[in-house]
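Chemist: Under my numbering, the residue at position 27 of the sequence shown is numbered 32, and the numbers go up by one with no gaps.
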Amino acid sequence: MNSEMMFLMFLLPYLVMSSQDSNLIPPRWDVYDNGKIYDITHRITADTPTGISQTGIGADYLRLHDSMKNGSDYNFSIIKLPAHSGTHVDAPGHFYENYYEAGFDVDSLDLRVLNGPALLVDVPRDTNITAEVMKSLNIPRGVRRVLFRTLNTDRRLMWEKRFDTSYVGFMKDGAQWLKDNTDIKLVGIDYLSVAAYDHLVSAHRVFLKNREIILVEGLKLKDLEAGIYDVHCLPLRLFGAEGSPIRCVLIR
């Protein structure tokens, strides 16, 4: 065997490995099982919006602390991101100091509320969610989980890294009407806040006052039919946290 052949034999395992690596393309799905399962969680990236930044959460939300490229035996990442960014859940302590001090955190949220039959409804596109809008939606008694799709989805606000204060949300009277006239315990919406910007504090406080309603914000509701689904939402068990990223799926 000449020297050129020996060199090629030496390179062969590396050439095969390189060829195999080029075919390693991870699947990234939003719809599973021919439309039976829908992932309604926004992917977390550097451009994921948050209410405390105009430039997204930034690239440093995920840092590789130990790297195999740098000689480590493994890759090991550190995550650092705002609790209220992307698709997330609010706990009662988000707007009530006494609840925060008492420990009503995301670890205390009722998974029975976060999982079960849900109604996806379309909100009129020219308005925030007022008492009149809530009345017009005719949501029947007995419905406990509702996902509200608004102009936010049409405007693709969750795909923009800049926090946009012109988003659609609940006005205080809309939140109060829902609380007084429906059986809804899970409120989901398609932007970072369930409450309209001008009613940010007042509407949140209506929803969270009695610790009976759970708020899931930043849902990805594009290209879905309105109607009944099973929703499954699971927040991280972050002890002491008033908010958490959450993974939500719809099953039909």
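By construction, the Cβ of each residue, glycine as well, lies at the ideal position given by its N, Cα and C atoms.
Could you have a look at glycine 232 and say whether DSSP puts it in helix, strand or coil?
Modeler: Correct three-state label for glycine 232: strand.
Chemist: Which word fits methionine 139, buried or exposed, when buried means at least 16 other C-beta atoms lie within 10 angstroms of its C-beta?
Modeler: The residue in question, methionine 139, is buried, as its Cβ has 16 or more Cβ neighbours within 10 Å.
Chemist: For valine 94, which beta-bridge partners are listed by DSSP?
Modeler: Answer is Val221, Ser249.
Chemist: Would you mind reading off the limits of the beta strand (DSSP E) that contains glycine 179?
Modeler: Counting along the chain, glycine 179 falls outside any beta strand (DSSP E), though it belongs to the alpha helix (DSSP H) covering 177 to 186.
Chemist: Measure the C-alpha to C-alpha separation of asparagine 120 and cysteine 253 and round it to an integer number of angstroms.
Modeler: For asparagine 120 and cysteine 253, the distance between alpha carbons rounds to 9 Å.
Chemist: Give me, in chain order, the residues of the same chain whose beta-carbon lies closer than 6 Å to that of isoleucine 49; leave out the 5 immediate sequence neighbours on both sides.
Modeler: Closer than 6 Å at Cβ, skipping near neighbours: Gly91.
Chemist: Report, in whole angstroms, the separation of the C-beta atoms of valine 94 and arginine 150, which I expect to be a contact under 8 Å.
Modeler: In fact, because the Cβ distance is near 13 Å, the residues do not count as touching under 8 Å.
Chemist: Count the other C-beta atoms from every protein chain shown that fall within 10 angstroms of the C-beta of tyrosine 196, then say buried if there are 16 or more, exposed otherwise.
Modeler: Tyrosine 196 should be labelled buried.
Chemist: Alpha carbon to alpha carbon, how far is valine 118 from lysine 41?
Modeler: Spanning the two alpha carbons is a distance of roughly 21 Å.
Chemist: Which class does aspartate 110 belong to by DSSP, given the choice of helix, strand or coil?
Modeler: In this structure, aspartate 110 counts as coil in the three-state DSSP scheme.
Chemist: Does the separation of the CB atoms of alanine 246 and valine 126 fall below 8 Å?
Modeler: Not closer than 8 Å, so no.
Chemist: Using C-beta distances below 6 Å, list every residue in its chain close to arginine 33, excluding the 5 sequence neighbours before and after it, in chain order.
Modeler: Within the same chain, arginine 33 has no close Cβ partners at all.
Chemist: Suppose the cutoff is 6 Å on Cβ atoms and the five residues either side in sequence are ignored; what does the same chain contact list for aspartate 52 look like?
Modeler: Excluding residues within five positions, the ones whose Cβ falls inside 6 Å are Gly61, Lys166.
Chemist: Helix, strand or coil: how does DSSP classify valine 21 here?
Modeler: At valine 21, the pLDDT of 48 sits below 50, so the modelled position is not reliable and the matter cannot be decided from this model.
Chemist: Which same chain residues end up closer than 6 Å to leucine 162 when comparing Cβ atoms and leaving out the 5 residues on each side of it in sequence?
Modeler: The residues are Asp169, Tyr172, Tyr196.
Chemist: Please determine, among Gln59, Gly76, Asn80, the residue with the shortest C-alpha to C-alpha distance to leucine 69.
Modeler: For the residues Gln59, Gly76, Asn80, the minimum Cα distance to leucine 69 belongs to Asn80.
Chemist: In whole angstroms, give me the CA-to-CA distance for glycine 76 and serine 82.
Modeler: Between glycine 76 and serine 82, the C-alpha separation is close to 15 Å.
Chemist: So, is alanine 231 buried or exposed, given that buried needs 16 or more other C-beta atoms within 10 angstroms?
Modeler: Exposed is the call here.
Chemist: What are the boundary residues of the alpha helix (DSSP H) that includes leucine 213?
Modeler: Unbroken alpha helix (DSSP H) run through leucine 213: 205 to 213.
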